[in-house]
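These notes are about the structure you will find just below.
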Amino acid sequence: MAAGDWMEGFVITHYIIVMETDPVFAHDKKVKANGLEGEYREGFLFKAKTGVTFQGTGQTESGEFITINWSKGGPKGRDTWFTKGIGGTWKNPVKWESVAVDRSVIPLGSRLEIESYPGRKFVAWDTGGGINGKHIDVFLGPTSLSEGNAYGRKKSRVRILK
């Protein structure tokens, strides 16, 4: 497909930096995490589909960012290793600008327009284990799970600008 042509049939989802202060984790006990000092809310680290082991990056109660330490093998439940920082394939993601893509469909570094978000331009800076085929995941930044989920899934046309 040539740059500038609209491509049909993309699924648009959204990903966040999960926040330890999110009310959904308020009653979780605090546990130690491999690779980090201190203790963190258990669900914030490990909860399926919401914790750092699923989202990839989290913001702690103290405001620090933590991410999966991929050099130690990636997410492995309670055996996951963490490190400080923000994860991302090429560079730190920028909210409402960075997207994760399947690089066999959209090359990393491509500038995109998503018809569902008129006037916004995006850059394919990331990939993800659940991003396959015509699927784009828009980065929302640190936000609550309920706010992130409010955007839902949508179908949209997409075009590569360059």
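Residue 119 in our numbering sits at position 99 of the sequence shown, with consecutive numbering throughout.
Backbone N, C-alpha and C fix where the C-beta goes; we use that ideal spot for every residue, glycine too.
Going by C-alpha distance, which of G29, W26 and V38 is nearest T163? V38
What are the partner residues of K52, as DSSP defines its beta bridges? E59
Could you tell me which whole beta strand (DSSP E) segments of length 3 or greater appear in the stretch 99 to 126? Counting only runs of 3+ residues, the beta strand (DSSP E) found wholly inside the stretch 99 to 126 occupies 102 to 104 and 118 to 120, in chain order.
What beta strand (DSSP E) runs, 3 residues minimum, are completely inside the stretch 131 to 170? 131 to 134, 142 to 146 and 155 to 162
Buried versus exposed, by CB contacts within 10 Å (16 or more), W145: buried
Taking the C-alpha atoms as reference points, what is the distance between F45 and V51? Taking the straight line from one Cα to the other gives about 13 Å.
Those residues which DSSP pairs with K174 across a bridge: I32
Tell me which same chain residues have a C-beta within less than 7 Å of the C-beta of R123, skipping the five on either side of it? T147
Within a Cβ cutoff of 7 Å, which residues of the same chain sit near G153, ignoring the five residues on either side of it in sequence? Within the same chain, and ignoring the five residues on either side of G153 in sequence, the residues whose Cβ sits closer than 7 Å to its Cβ are D122 and V125.
With C-beta atoms as the reference, is K175 less than 8 Å away from V31? Yes, Cβ-Cβ distance for K175 and V31 is below 8 Å.
Range covered by the alpha helix (DSSP H) that runs through T73: V72 to Q75
Cβ contact (3+ pairs, closer than 8 Å) linking the stretch 86 to 103 and the stretch 60 to 74: yes
For my contact list, E133 and R179 are in at a C-beta cut-off of 8 Å; report their separation, rounded to the angstrom. 5 Å
Do P113 and I106 come within 8 Å of each other at the CB atom, strictly closer than that value? yes
Where K92 sits in the DSSP three-state scheme: helix
In terms of alpha-carbon separation, which member of L56, Y35, T70 and E57 lies closest to P43? T70
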